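Below you can see the structure in the form of structure tokens.
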């Protein structure tokens, strides 16, 4: 069984890594690609990291579910636990949110989106973390690939 403090730690690490600029899909920032893919399907993405499934089942969301499921498995292993200790592990994104009031010194392009991570242990302990960020839909003709990408 996983201790609640490690559950909190794992959820926070997963969330911070997911919304970081280093989260990419074939070299492009993953939230921007997910945003583009959800424009026609309701502006929401839900990744089930235990079943390695995504709703909607677009290529980027399925790839994200697979990658972040492995990330979660490794993070839990570092705490001496496994995915069997969880009954729920989801990452949910909502795009197209109303504009956020930001201080004048805050410079960011794009539209607000929320990302939340929810982990529930077999013992019933639940942890949810949420972050608000902004991004633009990915435009393949205008985007720049990460230098980490290798075809």
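Residue numbers (our numbering): 4 to 154.
Yeah, the Cβ is synthetic: ideal placement off N, Cα and C, and Gly gets one too.
Bear in mind that the values here come from a model prediction, so they are computed numbers and not experimental data.
Can you list, in chain order, the residues of its chain with a C-beta nearer than 8 Å to that of residue i? Leave out the 5 residues immediately preceding and following it.
i: residue 26; result: 20, 32, 33, 34
i: residue 115; result: 100, 101, 102, 103, 135, 136, 137
i: residue 125; result: 4, 87, 88, 89, 90
i: residue 140; result: 35, 38, 39, 42
i: residue 144; result: Reliability fails at residue 144, whose pLDDT of 49 lies under 50, so the model's placement of it is uncertain and no value is given.
With residue i as the anchor, note down where its beta strand (DSSP E) starts and where it stops.
i: residue 51; result: 47-51
i: residue 155; result: Residue 155 lies beyond the residue range present for the chain, which begins at 4 and ends at 154; the question has no answer from this structure.
i: residue 91; result: 89-97
i: residue 137; result: 129-138
i: residue 121; result: 114-124
Starting from residue i, follow the alpha helix (DSSP H) in both directions and report where the run begins and ends.
i: residue 8; result: 7-21
i: residue 72; result: 62-81
Below 6 Å CB to CB, which residues in the same chain sit around residue i once its five sequence neighbours on both sides are set aside?
i: residue 61; result: 40
i: residue 48; result: 37, 41, 64, 96
Would you kindly check if the distance between the Cβ of residue j and the Cβ of residue i is under 8 Å?
i: residue 52; j: residue 23; result: no
i: residue 13; j: residue 82; result: yes
i: residue 86; j: residue 17; result: no
i: residue 63; j: residue 36; result: yes
i: residue 118; j: residue 133; result: yes
Whose C-alpha, out of the options, is nearest the C-alpha of residue i?
i: residue 75; options: 94, 63, 57; result: 94
i: residue 68; options: 140, 43, 44, 28; result: 28
i: residue 44; options: 98, 84, 78; result: 98
Leaving out five residues before and five after residue i in sequence, what residues of the same chain have Cβ atoms less than 7 Å from its Cβ?
i: residue 65; result: 57
i: residue 128; result: 7, 10
i: residue 123; result: 89, 90, 91, 129
i: residue 46; result: 97, 98, 99
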